[in-house]
Amino acid sequence: MSLKDQKIMALRAALAAVEPHGVRVELGVPRLDQALAGGLMRGALHEVFASPSHEASAAGFVAGLCGRLGGPLLWIRQDYAGLECGELTATGLFELGLDPARLLLLRVPDAADALKAASDALTCAALGAVVIEVMGSPKQLDLVAYRRLALAAGESGVTAVLLRQAATSSGIGGAETRWLVRAASSEDDINWGQPAFDVDLQRNRHGPAGHWVIQWSCDDGVFRPTDRGAVVSAPSDRPFAAPVAEASAA
Amino acid sequence: MRLTAVDRRAADLGLAPGMALASARAMVPAVKVMAANAPADLRLLEKIADWCDSFTPLVALDAPCGLLLDVTGASHLFDGEQAMLDRLRRALKKQGFAVAGALAGTALAARALARYRDGTVVPPGRDSEAVSTLPVEALDLDPVTVHAFRRAGLKTVGQVAGRRRAELTARFGSGMVFALDTALGRADLPISPRLPLPDYRAERRFAEPVTDEKTMLATLNLLAGRLGKNLEERGEGARALQAVFFRADGSIRRLAVQTGAPTREPALIERLFREKLDALADPLDPGFGFDLIRLEADRTEPCRDEAAALGSETVPQKEIRALVDRLTARFGAHRVLSFEPRDTHIPENAFAAVPAQYARAGRLGWEKMRSAGEAPCRPLRLLAPEPVSLIGGEAFRWRHVTHRIRKLEGPERIAMEWWRDAAPDRDYYRAEDENGRRFWLYREQGLHWFLHGVFA
Chain A
37 MSLKDQKIMA
47 LRAALAAVEP
57 HGVRVELGVP
67 RLDQALAGGL
77 MRGALHEVFA
87 SPSHEASAAG
97 FVAGLCGRLG
107 GPLLWIRQDY
117 AGLECGELTA
127 TGLFELGLDP
137 ARLLLLRVPD
147 AADALKAASD
157 ALTCAALGAV
167 VIEVMGSPKQ
177 LDLVAYRRLA
187 LAAGESGVTA
197 VLLRQAATSS
207 GIGGAETRWL
217 VRAASSEDDI
227 NWGQPAFDVD
237 LQRNRHGPAG
247 HWVIQWSCDD
257 GVFRPTDRGA
267 VVSAPSDRPF
277 AAPVAEASAA
Chain B
130 MRLTAVDRRA
140 ADLGLAPGMA
150 LASARAMVPA
160 VKVMAANAPA
170 DLRLLEKIAD
180 WCDSFTPLVA
190 LDAPCGLLLD
200 VTGASHLFDG
210 EQAMLDRLRR
220 ALKKQGFAVA
230 GALAGTALAA
240 RALARYRDGT
250 VVPPGRDSEA
260 VSTLPVEALD
270 LDPVTVHAFR
280 RAGLKTVGQV
290 AGRRRAELTA
300 RFGSGMVFAL
310 DTALGRADLP
320 ISPRLPLPDY
330 RAERRFAEPV
340 TDEKTMLATL
350 NLLAGRLGKN
360 LEERGEGARA
370 LQAVFFRADG
380 SIRRLAVQTG
390 APTREPALIE
400 RLFREKLDAL
410 ADPLDPGFGF
420 DLIRLEADRT
430 EPCRDEAAAL
440 GSETVPQKEI
450 RALVDRLTAR
460 FGAHRVLSFE
470 PRDTHIPENA
480 FAAVPAQYAR
490 AGRLGWEKMR
500 SAGEAPCRPL
510 RLLAPEPVSL
520 IGGEAFRWRH
530 VTHRIRKLEG
540 PERIAMEWWR
550 DAAPDRDYYR
560 AEDENGRRFW
570 LYREQGLHWF
580 LHGVFA
């Protein structure tokens, strides 16, 4: 090991010591958690893009993340998202294993209001997570807005999840992680398995990017690898790597 | 067409309400006529009544053109009755109204005096003296009775009052005698105020009108502190609060906020009003400034002390409630929602999104549909049923996109509630397309297909 490598190792250890304990939540998929350096970071901003016409799957993935984070949940959604992608249902959330009694739903007319409400809600440390569901790419969602959300989340320790429906990822943004989510087919042709997601981790501040097929286990509230999910691996040590080609197509 | 009202100059020229327009034109060719608009007049009167609220909370409308104010216990705030009446008349005149006013022991006496002796203030107990010199018309009786009095030579109220009561009752009925008694201050008829009197209120007057939002919020904080002290004495907290801003030029603005639990903390109340002010579609326009700001508690509930409540509610719960209150003040109660289960199997009615401020833990629990290890039986996102067309049983077309069905499961028959409305039964199917997306489709009467929701 060269001196340079040793230095890097020492710096990494120092950084890991700075991070408060218990700040990461394991999602349940070992390789994914490894890529995330232990799990999803609390008190940070995470961005989830829905693949075109896979809006419900993205919402399901976000619900799963919030289920892992635990605590009361505030779901802020733009009116148009309710019309276009359907209303969030309490029965559906309950079937996924979340407690609807711990959910607050805020309907706002536009993205500006959604961001305003989010920065207020993120000061309330009693919440577990705040989901901000916006349609398209509103002009209010600029770098300043990202920065503001990330700062507010960091200060209170409440996790912010920005759910982007009908939007294409432009590459900007100050999110801790950025995901692109689409539905994945059931494992076999006969049985109805658990909800499955094809997730593409496009940006990861503290680890490599990657691509996984995972499923959400409604019974015990964790993500699980599918048999096919294991085939994908990401190049290690390349935090801003370009997304790996969809290996699951193989 | 007839005249409904005339101004002073027209009255001097001999025009009077009730006169035909044609004869008025014949008498005064230059007469200027405007169409009467009774609803608009009433609205204006209500606005004036709102403004009068800064003198006393007990204001009653006396349509079509009068207001009755109960100033009992309020006159000392304005340096006495005479000064108060003068101030009120002056201020209204300045706003461009023709005003006549009087102050007396009963509402009817004051009204009679206002019409015939503008500006009179009757000392306590001297009502009958003041009213008895007025003409009988001042009693506001029906024209037949007044005519009868005139024929009998009874021209003033005093002369009528001089007759024996038994005679009057026999001839004109007890209603007329009661009207006479009230006018003379012998009986009292309380006015019915148009706004209910709040239990708690605090207000602050400004010699120099304020225009600055910071000062307004600081004032609200101060008033909330005073209100809170009163509430605390009675062991109560406010659930609904109203701030009333009286602008120097007479227009007033009310802002209402509600809380999820009884509150008396000034900082919390100020924060709610700040959210409200921030989110107003038409901002509070101070114009030349507000000269009076008032805070009222419209609805109160018993509220235990913080110390006693320590065990029952945790800090996080309190924080979330405060957040709900803030969001509600900003966006309105219909936008801040929480979910409650409902006792029905109709999918779209199985839960209700209710305003989070009013949500209570219900009797019903959530009912699990799926068995262990199975996929969800209810969709995460529910749409208004959208018609889809089925293509040969292998694909369906929804929103201009063809989805090839890889898996189909069903039917789950859900019968509509026939005792509520007679809708056809639905056969629900779960379908997965080639991309793994899962849809919830239903068939009505065996032929029409609809898409009702999408699974995660």
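These protein sequences, in sequence, are chains A and B.
Those letters in the first sequence? Residues 37 to 286, by this note's numbering.
Those letters in the second sequence? Residues 130 to 585, by this note's numbering.
Using N, Cα and C, we set each Cβ at its ideal position, and we do this for glycine too.
The model shown is predicted, which means the values in this text are computed figures rather than measured ones.
Any chance the CB of Tyr-245 of chain B is under 8 Å from a heavy atom of the ligand ATP?
For the structure depicted, the ligand ATP is absent and the ligand set is empty, with no information on it obtainable.
Is there at least one Cβ from chain B nearer than 9 Å to Pro-261 of chain A's Cβ?
By 1-based counting over the first sequence, the position of residue 261 of chain A is 225. So no, Pro-261 of chain A is outside the interface.
Whole angstroms are fine: how far does the CA of Phe-226 of chain B sit from the CA of Ala-153 of chain A?
Here residue 153 of chain A refers to the residue found at position 117 when the first sequence is read from its first residue. Here residue 226 of chain B refers to the residue found at position 97 when the second sequence is read from its first residue. Ala-153 of chain A and Phe-226 of chain B: Cα-Cα distance of roughly 46 Å.
Whole alpha helix (DSSP H) runs in the segment 199 to 240 of chain A with 4 or more residues, listed along the chain?
The segment 199 to 240 of chain A contains no whole alpha helix (DSSP H) run of 4 or more residues.
Whose CA, out of B:Ser-183, B:Ala-189, B:Val-250, lies closest to the CA of Leu-214 of chain B?
What you label residue 214 of chain B is simply residue 85 of the second sequence in a count that begins at 1. Each of B:Ser-183, B:Ala-189, B:Val-250 was checked against the Cα of Leu-214 of chain B, and the nearest Cα belongs to B:Val-250.
Does any residue of chain A bring its CB to less than 9 Å from the CB of Leu-509 of chain B?
Walking along the second sequence from the start, residue 509 of chain B turns up at place 380. In terms of beta-carbon proximity, Leu-509 of chain B lines the interface with chain A, with at least one pair separated by less than 9 Å.
Hey, how far is the Cα of Gly-254 of chain B from the Cα of Leu-237 of chain B?
Here residue 254 of chain B is taken as the residue at index 125 of the second sequence, counted from 1. Here residue 237 of chain B is taken as the residue at index 108 of the second sequence, counted from 1. When rounded, the separation of the alpha-carbon atoms in Gly-254 of chain B and Leu-237 of chain B is 14 Å.
Asp-556 of chain B - DSSP class collapsed to helix/strand/coil
Here residue 556 of chain B refers to the residue found at position 427 when the second sequence is read from its first residue. Per DSSP, reduced to three states, the secondary structure at Asp-556 of chain B is strand.
Going straight from the alpha carbon of Gly-265 of chain A to that of Asp-454 of chain B, what length do you get?
Within the first sequence, the letter at position 229 stands for residue 265 of chain A. Within the second sequence, the letter at position 325 stands for residue 454 of chain B. Per-residue confidence for Gly-265 of chain A stands at a pLDDT of 44, beneath the threshold of 50, marking its modelled position as unreliable; no derived number is given.
CB contact check: Lys-152 of chain A to chain B, cutoff 9 Å
Stepping through the first sequence from its first residue, residue 152 of chain A is reached at position 116. Answer yes: the Cβ-Cβ gap between Lys-152 of chain A and chain B drops below 9 Å somewhere.
How big is the Cα-Cα spacing for Phe-468 of chain B and Leu-174 of chain B?
Counting from one through the second sequence, the residue named residue 468 of chain B turns up at place 339. Counting from one through the second sequence, the residue named residue 174 of chain B turns up at place 45. Those two C-alpha atoms are separated by around 44 Å.
Count the CB pairs spanning the segment 105 to 117 of chain A and the segment 137 to 145 of chain A that are closer than 8 Å, and state whether there are at least three.
By the Cβ criterion, the segment 105 to 117 of chain A is in contact with the segment 137 to 145 of chain A, since at least three pairs of Cβ atoms, one from each stretch, lie closer than 8 Å.
Along chain A, which residues have their Cβ under 8 Å away from the Cβ of Asn-478 of chain B?
For this step, residue 478 of chain B is matched to residue 349 along the second sequence. Around Asn-478 of chain B, no beta-carbon contact reaches into chain A at under 8 Å, the shortest distance being about 10 Å.
Evaluate Arg-138 of chain B with the Cβ neighbour count: other Cβ atoms within 10 Å of its Cβ, from every protein chain shown; 16 or more gives buried, anything less gives exposed.
Taking the first residue of the second sequence as 1, we reach residue 138 of chain B at position 9. Classification for Arg-138 of chain B: exposed.
Name the DSSP beta bridge partners of Leu-109 of chain A, please?
Within the first sequence, numbered from 1, the residue matching residue 109 of chain A stands at position 73. Beta bridge pairing from DSSP links Leu-109 of chain A with A:Leu-139, A:Ala-165.
Any 3 or more C-beta pairs closer than 8 Å across the segment 186 to 199 of chain A and the segment 80 to 88 of chain A:
As far as the Cβ criterion goes, the segment 186 to 199 of chain A touches the segment 80 to 88 of chain A, which means the pair count is three or higher.
On the criterion of 16 or more Cβ atoms from any shown chain inside 10 Å, does Ala-192 of chain B qualify as buried, or is it exposed?
As a position in the second sequence, residue 192 of chain B is number 63, starting the count at 1. Taking a 10 Å sphere around the C-beta of Ala-192 of chain B, we find fewer than 16 other C-beta atoms and assign the residue as exposed.
For Glu-503 of chain B, the nearest candidate out of A:Gly-64, A:Lys-40, A:Glu-131 (CA to CA)
Here the question's residue 503 of chain B lines up with position 374 in the second sequence. For Glu-503 of chain B, the closest of A:Gly-64, A:Lys-40, A:Glu-131 by C-alpha to C-alpha distance is A:Glu-131.
Nearest to Arg-559 of chain B by alpha carbon, out of B:Pro-553, B:Ala-552, B:Trp-569, B:Asp-550?
Residue 559 of chain B sits at position 430 when you count from the first residue of the second sequence. Ranking the options by Cα distance to Arg-559 of chain B, first place goes to B:Trp-569.
Going by the beta-carbon positions, is the gap between Ala-369 of chain B and Thr-348 of chain B smaller than 9 Å?
Here residue 369 of chain B refers to the residue found at position 240 of the second sequence. Here residue 348 of chain B refers to the residue found at position 219 of the second sequence. No Cβ-Cβ contact shorter than 9 Å links Ala-369 of chain B with Thr-348 of chain B.
Option nearest Arg-294 of chain B by Cα separation, candidates B:Ala-367, B:Arg-549, B:Phe-307:
The residue you call residue 294 of chain B lines up with position 165 of the second sequence. Ranking the options by Cα distance to Arg-294 of chain B, first place goes to B:Phe-307.
Enclosing alpha helix (DSSP H) for Thr-457 of chain B [first to last residue]:
For the purposes of this step, residue 457 of chain B is identified with residue 328 of the second sequence, where counting begins at 1. First-last of the alpha helix (DSSP H) with Thr-457 of chain B: 444 to 460.
Is any beta-carbon of chain B found at less than 9 Å from that of Phe-130 of chain A?
Against the first sequence, residue 130 of chain A aligns to sequence position 94. Taking Cβ atoms only, chain B reaches closer than 9 Å to Phe-130 of chain A, which makes this a yes.
Cutoff 8 Å; reference Leu-346 of chain B; Cβ partners in own chain excluding five residues on either side:
Within the second sequence, numbered from 1, the residue matching residue 346 of chain B stands at position 217. Counting only residues of its own chain and dropping the five nearest sequence neighbours on each side, Leu-346 of chain B has a CB closer than 8 Å to the CB of Glu-399, Phe-402, Arg-403, Leu-406.
Using 8 Å for Cβ pairs, my map puts Val-265 of chain B next to Lys-284 of chain B. What's the rounded Cβ distance?
Sequence index remark: in the second sequence, residue 265 of chain B carries index 136 (1-based). Sequence index remark: in the second sequence, residue 284 of chain B carries index 155 (1-based). That belief holds up - the Cβ atoms of Val-265 of chain B and Lys-284 of chain B are roughly 6 Å apart, short of 8 Å.
Could you check whether the Cβ of Asp-236 of chain A sits closer than 9 Å to any Cβ belonging to chain B?
For the purposes of this step, residue 236 of chain A is identified with residue 200 of the first sequence, where counting begins at 1. Chain B contact via Cβ: absent.
Counting only beta-carbon separations shorter than 9 Å, does Val-453 of chain B have a partner in chain A?
Here the question's residue 453 of chain B lines up with position 324 in the second sequence. Contacts with chain A at 9 Å (Cβ-Cβ) include Val-453 of chain B.
I'd like to know if the segment 303 to 322 of chain B and the segment 416 to 423 of chain B are in contact, where contact means that at least 3 CB-CB pairs between them fall below 8 Å.
Judged by Cβ distances under 8 Å, the segment 303 to 322 of chain B makes no contact with the segment 416 to 423 of chain B, as fewer than three pairs qualify.
Please confirm if Phe-97 of chain A has its CB atom under 9 Å from at least one CB of chain B.
Counting from one through the first sequence, the residue named residue 97 of chain A turns up at place 61. With 9 Å as the cut-off, Phe-97 of chain A counts as an interface residue toward chain B.
Which word fits His-474 of chain B, buried or exposed, when buried means at least 16 other C-beta atoms lie within 10 angstroms of its C-beta?
To locate residue 474 of chain B, count along the second sequence from 1; it is residue 345. Residue burial is scored here from C-beta neighbours: His-474 of chain B has fewer than 16 other C-beta atoms within 10 angstroms and is therefore classed as exposed.
Do you know whose CA, among B:Gly-302, B:Val-465, B:Glu-337, B:Leu-268, lies nearest Leu-309 of chain B's CA?
Numbered from its first residue, the second sequence carries residue 309 of chain B at position 180. Measuring from the Cα of Leu-309 of chain B, the nearest candidate turns out to be B:Leu-268.
Continuous beta strand (DSSP E) assignments of at least 3 residues falling wholly in the segment 512 to 583 of chain B:
Counting whole runs of 3 or more residues, the segment 512 to 583 of chain B contains the beta strand (DSSP E) stretches 524 to 527, 530 to 543, 555 to 562, 567 to 573, 577 to 583.
Residues bridged to Val-465 of chain B [DSSP beta-bridge criterion]:
Taking the second sequence and counting its residues from 1, one reaches residue 465 of chain B at position 336. Bridge partners of Val-465 of chain B: A:Leu-142.
Simplified DSSP state of Gly-598 of chain B, which is helix, strand or coil
Because residue 598 of chain B is not part of the residues shown, which for chain B are 130 to 585, the question remains open.
With 9 Å as the threshold, decide whether the Cβ of Arg-572 of chain B is near any Cβ in chain A.
On the second sequence, residue 572 of chain B is found 443 positions in, with the first residue counted as 1. Chain A contact via Cβ: absent.
Counting C-beta neighbours from all protein chains within 10 Å, is the total for Ile-208 of chain A 16 or more, i.e. buried, or is it exposed?
In the first sequence, residue 208 of chain A corresponds to position 172, counting from 1. Exposed is the call here.
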